[in-house]
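Residues in the sequence shown are numbered from 21 upward in steps of one, following this note's numbering.
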Amino acid sequence: MSKLLKSKFLLGVMVVAVLALGAVAVSATKVSAATCSITSTLRLGSTGAEVVCLQQSLGGLTADGKFGPATQAAVIAWQTNENLTADGVFGPRSNAAWMANQGNVGVFPAGCTSAVGYSTTVGGLRCDSGVSNLPPGCQAGDLFSRTSGVSCTALTNLPAGCTSTAGYSPTTGVRCDGTVTPTPTPAGPLAGTDGTIADMNTLSQYSAEEVGAGQKDIKVLGVEIEASKDGDIGINSIKVRFDSNGNAAADSDRIEDYLKSISIWQGGTKVGSADTSEFTKVSTGLYTKVVTLSDSVVRAGATEKFYVSVDAVSNLDSGDIDSDSWTIALDNVRYVDGSGVVTTETAQIPADMDWDAAADGISLTFASFSTAADTELKISTNSTPGSQVIKVSTTNDTNNVTLLKGKFVLDGTSDVWLDELPITLTTTGDSVDALASSITLVLGDKTYTESLGANCTTSCALGTANPVVTFDNLDYTITAGDTVNFTVKVDLNNIEETGVTATDFDAGDTLLASLTATNRAAMVVENSQGDSLTDATERTGSATGLAQAFYATGIQVALVSVTNSAVNKATINDTSDNADVTFVYDVTAFGADIYVDGTVTEDGDGTYADGTGNNFYVTRADTGATAAALTDVTASLTTDADVGSNTTWLVVQGTTERFTLSVNVANTFTNDAANDALQFQTAITSIGWDTTAIAATTNEYTFNLGKFKNVPVTLGELDA
21 MSKLLKSKFL
31 LGVMVVAVLA
41 LGAVAVSATK
51 VSAATCSITS
61 TLRLGSTGAE
71 VVCLQQSLGG
81 LTADGKFGPA
91 TQAAVIAWQT
101 NENLTADGVF
111 GPRSNAAWMA
121 NQGNVGVFPA
131 GCTSAVGYST
141 TVGGLRCDSG
151 VSNLPPGCQA
161 GDLFSRTSGV
171 SCTALTNLPA
181 GCTSTAGYSP
191 TTGVRCDGTV
201 TPTPTPAGPL
211 AGTDGTIADM
221 NTLSQYSAEE
231 VGAGQKDIKV
241 LGVEIEASKD
251 GDIGINSIKV
261 RFDSNGNAAA
271 DSDRIEDYLK
281 SISIWQGGTK
291 VGSADTSEFT
301 KVSTGLYTKV
311 VTLSDSVVRA
321 GATEKFYVSV
331 DAVSNLDSGD
341 IDSDSWTIAL
351 DNVRYVDGSG
361 VVTTETAQIP
371 ADMDWDAAAD
381 GISLTFASFS
391 TAADTELKIS
401 TNSTPGSQVI
411 KVSTTNDTNN
421 VTLLKGKFVL
431 DGTSDVWLDE
441 LPITLTTTGD
451 SVDALASSIT
461 LVLGDKTYTE
471 SLGANCTTSC
481 ALGTANPVVT
491 FDNLDYTITA
501 GDTVNFTVKV
511 DLNNIEETGV
521 TATDFDAGDT
531 LLASLTATNR
541 AAMVVENSQG
551 DSLTDATERT
561 GSATGLAQAF
571 YATGIQVALV
581 SVTNSAVNKA
591 TINDTSDNAD
601 VTFVYDVTAF
611 GADIYVDGTV
621 TEDGDGTYAD
631 GTGNNFYVTR
641 ADTGATAAAL
651 TDVTASLTTD
661 ADVGSNTTWL
671 VVQGTTERFT
681 LSVNVANTFT
691 NDAANDALQF
701 QTAITSIGWD
711 TTAIAATTNE
721 YTFNLGKFKN
731 VPVTLGELDA
């Protein structure tokens with residue numbers, strides 16, 4: 021909206037008598053009216069008809085349409101008389117003052133016909149000296165106007181647009197009594213004098229927002245405001261409107277039943293706010309509020325993002341929010357430019373947030389906190405240790421053994437407070453108490469430790485009870501959108517084969533920790549409003565560790581590689597394809613010298629037997645079925661380790677030896693078309709070992725062997 025106005029005007033410049041070594045005679049010169057208009061800012065270098073209009077009105081200038089130094093000097097002189105910023109630029113404020121002086125008489129010192137230059141009759145007298153305003157029809161020395169009869173007493177210098185000290189200027193909005201109306205102070209001086217709002221655009225991502233009970237600073241409307249390149253603008257206020265027209269008949273239409281307050285943000289800075297108790301009720305369900313802004317500036321040519329956010333009441337009535345539908349709109353934006361002119365903008369407001377009729381504007385609804393927050397605390401494992409052998413002692417405790425690693429992922433917009441977390445312990449030994457003395461939870465950067473024994477929900481002294489230990493008083497907050505890792509560790513006792521359930525810790529006993537679905541349901545975890553998260557919808561998932569086995573003496577095995585050789589194709593009728601599968605793995609001995617069984621046994625059903633050496637089995641990968649022991653399978657075990665008696669290999673304590681197990685697999689199924697392309701996979705199920713070189717080893721290593729299997733290989737057979 022342009023702040024420059026068109027007008028038929030008469031610009032008068034008045035000068036009171038001055039004394040120069042005595043009284044100086046003053047004559048009155050009346051400036052004739054000109055029918056023309058000025059709609060743009062004129063400055064040094066401007067040309068055209070509007071410059072001609074200005075030059076004719078100022079008088080004493082050649083009206084050539086060229087805004088040169090003489091015209092600039094005349095404008096400066098006139099601005100000085102009008103108490104305007106004397107910068108020689110004829111902008112909106114100058115135009116407003118010019119219009120307000122229509123009909124006044126120009127009065128100049130003797131020898132002057134305008135306010136430019138010096139008197140031609142009185143040496144050294146400036147033509148712009150001693151300025152005052154006289155009412156229409158008055159000349160210097162007159163007591164009363166010759167046309168209206170009003171007093172010719174010189175008027176005080178009233179602000180542009182004012183004819184008395186009462187009220188406000190209709191052209192500039194300033195108080196006519198000269199006092200300052202408090203207005204928001206923009207952040208820093210405004211550059212330029214003619215800034216306007218060039219454009220406004222909706223930020224479409226803020227639409228149909230769902231506001232939950234007690235939620236704060238929820239953005240429900242966003243708009244970009246672009247300033248013109250003519251100058252900075254300071255945003256004084258934004259008038260917002262809320263409309264409940266979409267509500268069901270039974271829903272409350274009182275805004276105080278839904279909102280406590282609103283705020284206006286410029287980018288990430290809050291620049292204004294208002295309580296809903298201050299809103300004006302226009303009609304049922306229709307509320308407006310002019311929100312005054314502070315330190316809000318949009319620089320020339322720049323675009324700033326503005327947001328309206330709301331704070332909801334914490335006790336939303338469930339009967340009001342089951343079918344509610346509100347809208348929010350902008351009625352106007354009021355801004356000031358660098359010259360002090362205040363404008364109320366409505367034309368640039370985007371159509372989708374401009375309220376013209378019921379239900380216009382950007383939609384928003386209200387819901388319970390949990391619904392709006394869309395909270396879900398997800399539980400899962402996170403790089404938890406694989407099943408493995410842990411070296412322990414027969415004389416000392418072993419501390420900080422990791423049983424489980426997991427994570428909490430919190431979706432939604434609400435933080436949650438976690439105060440109790442149960443963990444289940446499962447053992448193959450006589451009892452949990454026999455294996456461990458305490459359990460530790462590392463949650464994010466916090467550490468919590470509970471002793472076992474009395475802290476177990478069911479007795480940790482019983483081997484089959486799967487006792488639960490609850491970490492309480494956690495007082496831990498998980499921030500919305502964050503992921504928090506957790507680790508469960510135990511301090512192990514020394515191995516002691518006492519034969520008593522509560523204390524009997526045998527070599528090979530295992531222990532695992534889990535956060536089960538039952539544990540999850542028992543957690544004490546609440547959203548930021550203090551409501552417990554609903555199990556299976558707001559708290560989901562579980563985390564189960566793998567069994568850790570404990571030995572004071574034994575082996576640890578690490579896979580190096582598994583490879584398939586090229587398939588050997590059958591060339592004779594009624595024979596089969598075959599392929600070699602090669603496993604390479606390292607065996608490390610601890611606690612004593614270890615003898616690895618040198619025999620290899622094909623395990624027909626995948627269930628190994630103690631004393632059978634190194635077991636492997638073959639499955640039908642195309643069907644998932646376990647293949648029975650195949651007649652055309654051969655295997656061998658080789659190593660550079662020293663040979664022990666009774667077909668064993670020696671691994672010296674504290675050293676590692678590399679072993680290679682080679683298996684040749686063939687398709688031995690019936691010779692028919694259905695068996696021409698079967699898939700086979702070979703896996704190691706156990707590795708036999710002992711502390712002496714005996715023929716039938718008594719220990720079978722079965723841990724972390726999940727990856728000890730080859731990529732399935734396709735084998736056919738050649739029909740007769």
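Ideal Cβ positions, reconstructed from N, Cα and C, are used throughout, including at glycine.
Below-8 Å beta-carbon distance, residue i vs any chain D residue
i    : result
L455 : Of the protein chains in this structure there is only one, and it is not chain D.
Own chain partners of residue i with C-beta closer than 8 Å, once the 5 adjacent residues on each side are dropped
i    : result
F299 : F262, I275, Y307, T308 and K309
F728 : L579, V582, F603, Y605, A703 and I704
D337 : S272 and D277
P202 : Since pLDDT at P202 reaches only 42, below the 50 mark, its modelled position is unreliable, and no value is offered.
Contacts around residue i, its chain only, beta-carbon distance under 6 Å, and the 5 residues preceding and following it disregarded
i    : result
D237 : S329
D331 : K236, K280 and S281
T632 : T621
T418 : V412 and L512
T658 : T680
L41  : Only weak support is given to the placement of L41: the predicted model assigns it a pLDDT of 27, under 50, and the question is left unresolved by the model.
E246 : A218, D219 and T323
A207 : Model confidence at A207 stands at a pLDDT of 47, short of 50, so the residue's coordinates are unreliable and nothing is read from them.
F525 : A454, L455, N513, I515 and E516
K290 : S283
Residues near residue i by beta carbon distance below 7 Å, same chain, minus five either side
i    : result
V731 : N584
L535 : I399, G426, I443, S562 and A563
A771 : Not covered by the structure: residue 771. The range shown for the chain is 21 to 740.
D642 : L698 and Q699
D623 : N635, F636, Y637 and T705
Span of the beta strand (DSSP E), counted from its first residue to its last, around residue i
i    : result
F506 : T503 to L512
D623 : Looking at the DSSP string, D623 is not in any beta strand (DSSP E), and its letter there is neither H nor E.
R63  : Looking at the DSSP string, R63 is not in any beta strand (DSSP E), and its letter there is neither H nor E.
I245 : I238 to A247
P89  : Where P89 is concerned, there is no enclosing beta strand (DSSP E), although the alpha helix (DSSP H) it sits in stretches over P89 to N101.
D219 : I217 to T222
S227 : S227 -> no beta strand (DSSP E), and no H or E assigned at all.
G664 : D662 to G664
F679 : T676 to A686
P442 : V436 to T447
F636 : N634 to R640
Opening and closing residue of the alpha helix (DSSP H) in which residue i lies
i    : result
I70  : Strictly speaking, residue 70 in this sequence is Glu, with Ile absent from that position. Unbroken alpha helix (DSSP H) run through E70: A69 to L78.
D453 : V452 to L455
Selection from the options that minimises the alpha carbon distance to residue i
i    : options                   : result
C73  : G65, A83, S66 and M373    : A83
D435 : T659, L397 and C476       : L397
K466 : L472, T497 and G473       : T497
T91  : Y468, V638, V71 and S345  : V71
K509 : T523, S457 and T478       : S457
V683 : S224, V653 and V240       : V653
I575 : V638, F610, T557 and A556 : F610
T667 : S706, G624, N635 and A713 : A713
D450 : V243, A527, I382 and A393 : A527
R354 : Y571, D431 and G215       : G215
Y571 : S343, N416, A268 and G288 : N416
V616 : A556, A537, D710 and V638 : D710
L424 : W437, D439, R540 and S403 : S403
N588 : T433, V231, E244 and T734 : T734
E244 : V231, N256, G287 and D600 : G287
Residue i beta carbon near the ligand MG (any heavy atom closer than 7 Å)
i    : result
W437 : Looking at this structure, you won't find the ligand MG or any other ligand, since it has none at all.
Segments assigned beta strand (DSSP E), at least 3 residues, entirely inside the region 254–320: Whole beta strand (DSSP E) segments, 3+ residues: 279–286, 289–295, 300–303 and 306–312.
Whole beta strand (DSSP E) elements within the region 571–605, 3-residue minimum: 574–584
So within the region 357–434, which uninterrupted beta strand (DSSP E) runs reach at least 3 residues, ignoring any that extend past its ends? 362–365, 382–387, 396–401, 408–411 and 418–431
Taking one C-beta from the region 712–726 and one from the region 392–409 each time, how about it: are there three or more such pairs within less than 8 Å? Touching, yes.
With a floor of 3 residues, list each beta strand (DSSP E) that falls wholly inside the region 693–730, ordered by position along the chain. 698–710 and 719–721
So does the region 361–380 actually touch the region 530–544, counting three or more Cβ pairs closer than 8 Å? Short answer: they don't touch.
Quick test of the definition: if touching needs 3 or more C-beta pairs under 8 Å, does the region 546–553 touch the region 477–485? no
Mind pulling the alpha helix (DSSP H) runs of 4 or more residues that sit fully within the region 464–546? If only uninterrupted alpha helix (DSSP H) runs of at least 4 residues are considered, those enclosed by the region 464–546 are 537–542.
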